[in-house]
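Worksheet for the structure shown next.
4 protein chains.
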Amino acid sequence: MITIGIIGGAGFTAGELIRILLHHKKVNIDFIYSTSNAGNKVSAVHQDLIGSTELVFTNTINPKVDVLFLCLGHGNSKNFLAQNTSFNNVIIDLSNDFRLQDNAKFQGKEFVYGLPELQKEKIQHAQYIANPGCFATALQLAILPLASERLLENDVHVNAVTGATGAGVSLSKTTHFTWRDNNFSYYKPFTHQHLGEINQTVQQLQTGFDSEINFLPNRGNFSRGIYATTYTHFKGSLEEAKALYHEYYKDAAFTFVTDQELHVKQVVNTNKCLLHLHKHNDKLLITSCIDNLIKGASGQAVQNMNLLYGFDEKEGLELKGSCF
Amino acid sequence: MITIGIIGGAGFTAGELIRILLHHKKVNIDFIYSTSNAGNKVSAVHQDLIGSTELVFTNTINPKVDVLFLCLGHGNSKNFLAQNTSFNNVIIDLSNDFRLQDNAKFQGKEFVYGLPELQKEKIQHAQYIANPGCFATALQLAILPLASERLLENDVHVNAVTGATGAGVSLSKTTHFTWRDNNFSYYKPFTHQHLGEINQTVQQLQTGFDSEINFLPNRGNFSRGIYATTYTHFKGSLEEAKALYHEYYKDAAFTFVTDQELHVKQVVNTNKCLLHLHKHNDKLLITSCIDNLIKGASGQAVQNMNLLYGFDEKEGLELKGSCF
Amino acid sequence: MITIGIIGGAGFTAGELIRILLHHKKVNIDFIYSTSNAGNKVSAVHQDLIGSTELVFTNTINPKVDVLFLCLGHGNSKNFLAQNTSFNNVIIDLSNDFRLQDNAKFQGKEFVYGLPELQKEKIQHAQYIANPGCFATALQLAILPLASERLLENDVHVNAVTGATGAGVSLSKTTHFTWRDNNFSYYKPFTHQHLGEINQTVQQLQTGFDSEINFLPNRGNFSRGIYATTYTHFKGSLEEAKALYHEYYKDAAFTFVTDQELHVKQVVNTNKCLLHLHKHNDKLLITSCIDNLIKGASGQAVQNMNLLYGFDEKEGLELKGSCF
Amino acid sequence: MITIGIIGGAGFTAGELIRILLHHKKVNIDFIYSTSNAGNKVSAVHQDLIGSTELVFTNTINPKVDVLFLCLGHGNSKNFLAQNTSFNNVIIDLSNDFRLQDNAKFQGKEFVYGLPELQKEKIQHAQYIANPGCFATALQLAILPLASERLLENDVHVNAVTGATGAGVSLSKTTHFTWRDNNFSYYKPFTHQHLGEINQTVQQLQTGFDSEINFLPNRGNFSRGIYATTYTHFKGSLEEAKALYHEYYKDAAFTFVTDQELHVKQVVNTNKCLLHLHKHNDKLLITSCIDNLIKGASGQAVQNMNLLYGFDEKEGLELKGSCF
């Protein structure tokens, strides 16, 4: 039994982390830190937890917990660690502060990029984890098998749509219900910040790849999930592509290749990534779906913790989906 | 041709007013006042108007326009008129500042309650109009025929659900997409502020009515429309009830009684109120549907202007519905 | 470890049952019967189960399983048992065929009404369970404490809205996306079939109650959940009401009384019922929320099985909610 | 004043046509033909029309009407005309039966492809119009200016999402609310039938273009609208692209180029197409939005009729949008 603490407890990812960890058999939640909510019941903020927990937010950190999860806005993890130097156990950071090699070392800590399908062993031996971004997870899982065999030949074309939880709990024009309901739009065309992580991984596997990953992210009028379509030139047959993907993911705990065409609700409220392959002329089309808050954030964080501690990789993560 | 000005031009009701008046054959929009948006194109805020208008928001009021529409938050119409005393032509106020008899006189101006189905003649001879509330419109249209014949015998039970535009453009927890999507909840049970207008009208028609109107308003996870179910004791047959309602609304331009069971999208983007009657034992169940922003606000404001100026009551208001 | 079989495996309630039982530690799914899908993978119909199960639908029944769950359309459970007489172990029926006393005995089997909050002991000693209806669950949980103390004084007014899964997987005009999206409507006013169960329970607790339960069911434009508001005359104070409800539900595994105003997503994808009390003048307003497919169907069926077998009442039912 | 008849009156496109033509000042609806609904009120099927029309469906065709609109399923227009040979006035067909050159001549009638932005003059002099497909409209308007200047250099990449009305009124698994709500998926990758029209137009403007138009259509969880993103190599600057598009569309009645980033609700319930241009490195990204049922079907059909008869091109089509 290990003890854990959560920093930034009022947001979406912290909420999902709490929901998952409340039923994790090897974990005790020691504290949930939120300065703005200190003294309030956790169930007053994460209101579905009425009847599930009597935990109260705190503004005091217990530096002795075994694992610290940082659920802070991008840029704030670095600030937090700079101001709280006493913590020397395991840290799993859900922000983008330490995902790139250039930023992975901080105060003597070295963060390992926590994508189990890329580098499970490194994670098992890590102490500090930089948890991948949500789009970055969906997009990398779509192309890892190709890059691992140096089969990315030229431009990759990606269109992906995310639910509104991807934008966080803060209010903005595009998260207002009257705006988002029955609506659709893109944002940050070709320049989404997750391209950094994605390109880093591609270079790690297929050094020298010099074509472009053209990525159009979209705002969908749903709450949860990422649906990504990726296509690129592929010489082999569909069967060869399937064999490659099945082989690459044969030991993956949550990533599955299927012959069914996909829709995003198949993965909602689960830690799964589902992948589908389709071939048209010389193009291979890969569809990948994840729940942006679970496999794209809090679920993957728990998966990383499980790996790091040698727990069953699925512990706490065999979640009942919410498919309709 | 008359000229009009709009105060508070960036909100939902102003937007709908502009959309309607751009195609009104007797009206010229002279100015749209918005301090926060002065100098910006109207189509930069009401973004569907690209290609429809080159109007620009102003922070200068032209006191010579024939009609001034006040689209301000509740309480602000009074403040605005107190600070802008030079305007002496027609005023149509969409807030709740002047709807109750106790508040209807202000600075020598006397506001007439602008529900055409209640008092068309008074409106035709008015100079200052207090436009009814959205829930108040739907609920009064459900019971006007009964009250007009003094047939309200005892308690009235009303459950109504409104789209998220009813809460205005400002952001709040319950208008965040991730909260509202696929959700449902009540608010202000039995105490919604529109009960004031409703009870005032009931007393006007059926003096001495002393039972209660039990009103539960709900937040629906849709953008537009009000769906209200009202039931109360009724001695007569269903046929008698239908005859009463058909007679009462026989000259109404936009309020129709139908034998079809209703759904709220039948009235979306129109100035209609649809009514349906059902009898179960001694209870008469009346369903009423309106678009909260049109018949419940801006459309009714234009209808009142049409009546007041002797225009065709339907001018500008024969809108193509958006039923799906 | 017990073995179970599911009859009618392709519908919503069977799907939820499978999702729950796959992770239930005391249960082995022996077979899932579906004539129309025999031979197909379960994950080809319940498509979120890719990666979770390799089970295949069968058209053969194993009469030796310990528990048989009937997930058939209303009327079909009776037909099924008439044609399959060899089964003599535990039966949990999710239809409305055996819920009323008049129908509870069939072929020597006597069905017990499976609402744990009403009669946990009877369920613990039962062999045949008639699982309650979804609206019936939400509405009874709202008034059980009052009826148990004979405090229902006169008419009860109920307005409830259900998600589209309540209408089943079959296609109809009102389940077409273009109709239901952003829409709202009632159906079966004052005559919903669940009133039978509700009135039976009220008579069981408060014999002689002779006022009416006025129930307006509505179709909401969301997929899951029931949100019900119930009000009736109550002499006592709000504090007395709260004390009564807290006492009544103090041992309930999944039903909780809270001071927070409720929204339906607080219970989505859980087996919880949340209750809130509000007092206005002499009226007590009770809000109750459940997931129609879980506490309103498959989750409660598992809860009944747990009670009947002496398993932990919560086994398999500590589900991660899907609150946004 | 001309008279018109509508064949196939119960579907979505017929409904929109009726809604538009009821308020068109030059048109009288003579009959609405529907064998399945003959004798029923039009407002019993298109239920928002209660109070707007007393028209009744007929199963008799008046061959003397000036214009016949065919709102039939794909393949059925040909069948209909084969069986109804007496009609020799104007025909506007909304199916895909006559859009391609190879199919454009039938029984001595020659159909002109009715995309006003492509060939307004031809339409003005036509008698038979093949109205473009919805995706085909959005996608062609995105690239017409480039193709007209022979500036399509190599592959075009298109991702577009359509509302559920695009699938028609018939029920199917993917139009069931519980499936579509909060969901997203693609269909017919790279092979959508509208590619035929699109490629035909590209060849008409830029003969010899031999790269591919890679088109991924998606099902969105909204009811109306098409949102399409198209990118391709473009040598010039963003300013040059804007100048090209502004010039090409300077006389277009409903197609506008804007500097605002777009969302699909800006065009819902209007006959507009809005276009936005963005440049990233050597890629030009064009966003185009239309209402699939109006500019993508019935509105464009009326626009074509207006052109053909010399009416004001905007007559009947200055519709109030339904932007939220």
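Residue numbers (UniProt numbering), protein chains in the order written: chain V, 1 to 324; chain S, 1 to 324; chain E, 1 to 324; chain L, 1 to 324.
Each residue gets a CB set at the ideal place from its N, CA and C atoms; glycine is no exception.
Keep in mind that this is a model prediction, so the values were computed, not measured.
Leaving out the 5 sequence neighbours to the left and right, which residues in its chain are closer than 8 Å to residue i when beta-carbon positions are compared?
i	result
N182 of chain L	N221
G75 of chain S	S95, D97
N28 of chain V	M1, I2, T3, I4
In angstroms with no decimal places, state the Cα-to-Cα distance between residue i and residue j.
i	j	result
F234 of chain E	N281 of chain E	9 Å
F106 of chain S	P63 of chain S	18 Å
R150 of chain S	S237 of chain S	16 Å
A212 of chain V	L141 of chain L	Here residue 212 of chain V turns out to be Glu, not Ala, going by the sequence shown. Roughly 27 Å between the two C-alpha positions.
N292 of chain E	E16 of chain E	11 Å
L72 of chain V	I18 of chain V	15 Å
N89 of chain S	L68 of chain S	8 Å
A241 of chain S	I143 of chain S	11 Å
V65 of chain V	I91 of chain V	10 Å
K314 of chain E	F184 of chain V	41 Å
V302 of chain L	L115 of chain S	36 Å
residue 332 of chain E	A44 of chain V	Since the displayed chain E opens at 1 and closes at 324, residue 332 of chain E lies outside it and no answer follows.
Evaluate residue i with the Cβ neighbour count: other Cβ atoms within 10 Å of its Cβ, from every protein chain shown; 16 or more gives buried, anything less gives exposed.
i	result
K188 of chain V	exposed
E239 of chain E	exposed
H24 of chain V	buried
M305 of chain S	buried
H276 of chain S	buried
S36 of chain S	exposed
N214 of chain E	buried
K173 of chain S	exposed
G208 of chain E	exposed
T191 of chain L	exposed
T162 of chain S	buried
Q300 of chain L	buried
N218 of chain S	buried
Leaving out five residues on either side along the sequence, give the residues of the same chain with a beta carbon under 6 Å from the beta carbon of residue i.
i	result
Y231 of chain S	H157, K283, L285
N159 of chain S	L216, T229
R136 of chain V	Position check: residue 136 of chain V holds Ala in this sequence, whereas Arg was assumed. Taken in chain order, the residues that qualify are H194, E197, I198.
G39 of chain E	none
A14 of chain V	I6, G8, C71
A147 of chain L	V202, L205, Q206
P145 of chain S	L244, Y245, Y248
E153 of chain V	H233
F256 of chain L	L274
A252 of chain E	E117
S77 of chain V	L70, D93, S95, D97
My understanding is that residue i touches residue j, with C-beta atoms under 8 Å, so please give their C-beta distance in whole angstroms.
i	j	result
K295 of chain S	C273 of chain S	5 Å
S322 of chain L	I20 of chain L	Incorrect: roughly 14 Å between the Cβ atoms, too far for contact.
residue 385 of chain V	T175 of chain V	What is shown of chain V runs 1 to 324, which leaves residue 385 of chain V out entirely.
F31 of chain V	I61 of chain V	7 Å
F324 of chain L	S223 of chain S	5 Å
Please list, in chain order, all residues of the same chain as residue i whose beta carbon is under 7 Å from its beta carbon, the five residues on each side excluded.
i	result
G168 of chain S	G11, F12
K120 of chain S	L307
A104 of chain E	F98, E110, F111, A130
G166 of chain V	C134, N292
Segment contact flag, the segment 55 to 74 of chain L with the segment 263 to 270 of chain S, C-beta cutoff 8 Å, min 3 pairs: No, because fewer than three Cβ pairs between the segment 55 to 74 of chain L and the segment 263 to 270 of chain S fall closer than 8 Å, the two stretches do not touch.
Segment contact, 8 Å Cβ cut-off, at least three pairs: the segment 126 to 142 of chain E with the segment 102 to 116 of chain E: yes
At least three beta-carbon pairs within less than 8 Å, the segment 251 to 263 of chain V to the segment 287 to 303 of chain V: yes
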